[in-house]
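Asks:
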Amino acid sequence: MDEQTRKLYEECNIGCQMAIESMQQIKDFTQDTTLFQLIEKYIDRHSRLGGNAKDHLIDSGNEVKTPGMMASAFSWFSTELKLNLNDDNSKIAKLLIDGCSMGIKTLGERANTLNRADKSADALARKIIKTEEEMIRELELFL
């Protein structure tokens with residue numbers, strides 16, 4: 002596996018891990034059954050997509066990295082603070098949409114920068130971006 006492909010798979014894996022951590026945390030504040038089920042659906046999708054990236058890394062003998070401790074801690078703290086002040090559906094949807102937007106920007110930039118990565122890594126990155134876009138559309142109903 003070449004370096005650009007490895008880096009793109011790492012980005013896919015770490016991004017999905019961060020998304021899952023955030024969604025699991027937010028799910029604890031969710032009281033609406035429909036929104037709760039939507040979050041669970043996207044936790045499952047991100048688990049499968051991140052697992053795909055992780056499998057490619059493992060199969061090629063690469064180390065599987067985890068999100069940085071500082072990034073995870075900051076994300077956890079800011080989510081806790083925002084939702085302890087207001088945990089209605091609209092606030093939850095806005096937080097999730099912000100996370101999706103950040104994921105789209107970050108992964109889109111990395112996919113464009115790592116443009117010599119193999120087609121399967123690029124296709125996975127694009128599939129994750131599409132999943133984030135779909136999630137935003139579904140969350141708009143809760144605004």
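Going by this note's numbering, the sequence shown opens with residue 2, and the numbers climb by one from there. Glycine included, every Cβ here is placed at the ideal spot set by N, Cα and C. All figures in this text were calculated on a predicted structure; none of them were measured in a lab.
Alpha carbon to alpha carbon, how far is Glu4 from Lys106? Give it in angstroms, no decimals.
Replies: 21 Å
Asks: Between Ala126 and Glu41, what straight-line distance do the alpha-carbon atoms span, to the nearest angstrom?
Replies: 21 Å
Asks: Indicate the three-state DSSP secondary structure (helix, strand or coil) for Lys28 in the structure shown.
Replies: Three-state DSSP puts Lys28 in a helix.
Asks: Under the rule that 16 or more other beta-carbon atoms within 10 Å means buried, what is Lys142, buried or exposed?
Replies: Residue identity check: residue 142 is Leu in the sequence provided, not Lys. Its Cβ having fewer than 16 others within 10 Å, Leu142 is exposed.
Asks: Which two residues bound the contiguous alpha helix (DSSP H) that contains Gln3?
Replies: Reading off the sequence, residue 3 comes out as Asp, not Gln. Per DSSP, Asp3 belongs to no alpha helix (DSSP H) and is neither H nor E.
Asks: When the Cα of Asn113 is compared with those of Ile98, Ile130 and Cys101, which residue comes out closest?
Replies: Distance from the Cα of Asn113 is smallest, within the candidate group Ile98, Ile130 and Cys101, for Ile130.
Asks: Identify the continuous alpha helix (DSSP H) that holds Lys42 and give its terminal residues.
Replies: Thr34 to Asp60
Asks: Determine whether the beta carbon atoms of Thr67 and Gln18 lie at a separation below 8 Å.
Replies: yes
Asks: Counting Cβ pairs closer than 8 Å, one from the segment 47-61 and one from the segment 5-12, do we hit at least three?
Replies: yes
Asks: Return the Cβ separation of Gly109 and Ala20 in integer angstroms, given the expectation that the two are a contact with Cβ distance under 8 Å.
Replies: With a Cβ gap of about 15 Å, Gly109 and Ala20 do not count as contacting.
Asks: Specify the secondary structure class of Arg138 as computed by DSSP and reduced to three states.
Replies: helix
Asks: Work out the CA separation of Asn90 and Thr145 for me, nearest whole Å.
Replies: Since the first and last residues shown for the chain are 2 and 144, residue 145 lies out of range.
Asks: Can you tell me whether DSSP reads Lys120 as helix, strand or coil?
Replies: In the three-state reduction of the DSSP assignment, Lys120 falls in the helix class, which pools H, G and I.
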